[in-house]
Amino acid sequence: MLSTQEMRRIAFARLSDAEALHRAKRFDGASYLCGYSVELALKARICKTLK
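Here the sequence shown is numbered in this note's numbering, starting from 3 and rising by one per residue.
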């Protein structure tokens, strides 16, 4: 199982990937990775809140 810190780290890494894709005008992939990043960040926050 991933720790909350690990989930946050992965979320920020995927957000960086999404930004790179956006700069390359690959909007579908950027949107997908951005959504994945938000999902991971929310899961990390929920896990932290509920312990």
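Even for Gly, the Cβ is constructed at its ideal location relative to N, Cα and C. Fair warning: this is a prediction, and the values are worked out from it, not measured in the lab.
Between leucine 52 and cysteine 36, the C-beta gap is not smaller than 8 Å, which leaves the two residues out of contact.
Looking from the CA of glycine 31, the closest CA among Ser5, Asp19, Gln7 belongs to Asp19. Excluding five sequence positions before and after tyrosine 38, the CB atoms of its chain that fall closer than 6 Å to its own CB belong to Arg16, given in chain order.
Taking the CA atoms as reference points, glutamine 7 sits about 29 Å from arginine 28. In the DSSP assignment, alanine 20 falls within the alpha helix (DSSP H) that extends over 6 to 25.
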